[in-house]
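K.L.:
Residue numbers (this note's numbering): 161 to 242.
Every residue gets a Cβ at the ideal spot worked out from N, C-alpha and C, and that includes glycine.
This structure is in structure tokens; I'll ask about it shortly.
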């Protein structure tokens, strides 16, 4: 509320930007949660390797990371595993 103007004021661009950002994040999380568990594990490992990576690097990490360790790690992250 702007007491000087005696009315509510807001930055419409900032409000719209925040709404869109939250919606995009929500949609992305929902889509990722619907992926197969194995795909979620691959994405989790790949995300730790950076914006570009070799598939062979992902596979090497996954071979050395047990399913239990991966599941425990995913449970503590934002991705839920069913």
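Quick check: what's the CA-CA separation for residue 203 versus residue 215?
P.N.:
To locate residue 203, count along the chain shown from 1; it is residue 43. To locate residue 215, count along the chain shown from 1; it is residue 55. Cα to Cα, residue 203 sits roughly 11 Å from residue 215.
K.L.:
Between 201, 212 and 209, which lies nearest to residue 225 when the distance is taken from Cα to Cα?
P.N.:
Residue 225 sits at position 65 when you count from the first residue of the chain shown. With respect to the C-alpha of residue 225, the residue from 201, 212 and 209 having the closest C-alpha is 201.
K.L.:
DSSP on residue 190, reduced to helix/strand/coil?
P.N.:
Taking the first residue of the chain shown as 1, we reach residue 190 at position 30. In the three-state DSSP reduction, residue 190 falls in the helix class (H, G or I).
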